[in-house]
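In my numbering, the protein residues as written are 2 to 227.
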Amino acid sequence: MGALRIVSHDDRPFINRQEAGRLLVALLTDYAGAETIVLGIPRGGVVVAREIAHELGADLDVVLTRKLAAPHYPELAIGAVSEEGSYFWDEKRAAMVYADQAYLEKEKERQLKVLASRARQYRKILPRVSLKDRCVIVTDDGIATGSTMQSAISTVLTEGPRRLVVAVPVGVEENMRGMADQVDELVCLKAPACFRAVGQFYTDFDQTEDDEVLDILRQEQRRKAA
Numbered sequence: 002m003g004a005l006r007i008v009s010h011d012d013r014p015f016i017n018r019q020e021a022g023r024l025l026v027a028l029l030t031d032y033a034g035a036e037t038i039v040l041g042i043p044r045g046g047v048v049v050a051r052e053i054a055h056e057l058g059a060d061l062d063v064v065l066t067r068k069l070a071a072p073h074y075p076e077l078a079i080g081a082v083s084e085e086g087s088y089f090w091d092e093k094r095a096a097m098v099y100a101d102q103a104y105l106e107k108e109k110e111r112q113l114k115v116l117a118s119r120a121r122q123y124r125k126i127l128p129r130v131s132l133k134d135r136c137v138i139v140t141d142d143g144i145a146t147g148s149t150m151q152s153a154i155s156t157v158l159t160e161g162p163r164r165l166v167v168a169v170p171v172g173v174e175e176n177m178r179g180m181a182d183q184v185d186e187l188v189c190l191k192a193p194a195c196f197r198a199v200g201q202f203y204t205d206f207d208q209t210e211d212d213e214v215l216d217i218l219r220q221e222q223r224r225k226a227a
């Protein structure tokens with residue numbers, strides 16, 4: 002059983018994802034060094050991951066996963082699917098929004114196409130590396146339902162990391178407690194009592210575009226070559 006470390010229940014927003022990443026580093030200093038790899042969940046999580054990786058002197062990469070969106074409510078996750086095709090959904094939540102098996106299969110295929118497209122773009126710049134026996138930190142800009150992070154955790158665990166840490170700026174405490182049992186440690190700066198959406202806790206929460214992610218990966222490619 003992993004430890005859940007929540008720093009505060011403060012609801013004041015971060016300025017942006019960059020600030021959130023820099024503040025997270027203070028909780029992760031034990032993992033500094035080249036043996037660690039920080040995986041960001043595209044797209045916003047990659048911005049957070051860059052700040053952590055650079056401060057820790059760690060490698061940077063992405064973990065590709067997509068939420069399965071509820072019918073008519075694209076912001077509501079009812080499950081998630083990974084780059085490799087593994088997936089899961091919350092049966093109770095799916096039933097509440099009338100997402101039947103046919104819908105879920107169609108949504109899974111739709112998101113797999115998005116993941117395949119991103120993989121072609123991202124991996125052409127920064128080839129995927131093995132996570133076996135490495136210390137892996139997975140991050141995103143926040144955890145709401147937790148579906149996307151759950152998918153990322155499942156994907157990483159199949160590769161046999163030596164240690165798996167989840168680090169996020171903000172999250173729903175109840176949803177993080179279940180995840181903490183699956184990783185070595187889950188650290189979170191803020192778990193506010195009133196949580197509607199991740200964007201609520203950022204002054205600047207503009208959508209991160211693919212061009213920005215690609216630029217971050219190019220920077221990492223140059224950093225590794227230096």
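Yeah, the Cβ is synthetic: ideal placement off N, Cα and C, and Gly gets one too. Keep in mind it's a predicted model, so treat the numbers as computed, not measured.
Under DSSP, VAL137 forms a beta bridge with ILE38 and LEU165. Annotation: the continuous beta strand (DSSP E) that includes ALA78 extends over 74–83. By DSSP's assignment, ASP60 forms a beta bridge with ILE38. Put simply, the backbone Cα of GLN201 is about 34 Å away from that of GLU160.
It is roughly 11 Å from the alpha-carbon of THR30 to the alpha-carbon of LEU24. Three or more beta-carbon pairs drawn from the region 149–158 and the region 71–82 are found closer than 8 Å, and the two stretches are therefore classed as touching.
Within the model, the alpha-carbon separation for ILE144 versus MET180 is close to 11 Å.
For the pair VAL173 and ARG197, the Cα-to-Cα distance works out to about 9 Å. For secondary structure counted as the beta strand (DSSP E) over 3 or more consecutive residues, the region 82–162 holds these complete runs in sequence order: 88–90 and 136–140.
Taking the Cα positions, GLU186 is about 18 Å away from VAL64. A direct Cα-Cα distance of roughly 41 Å separates LEU28 from TYR99. Judged by DSSP secondary structure, LEU218 falls within the alpha helix (DSSP H) whose first and last residues are 211–226.
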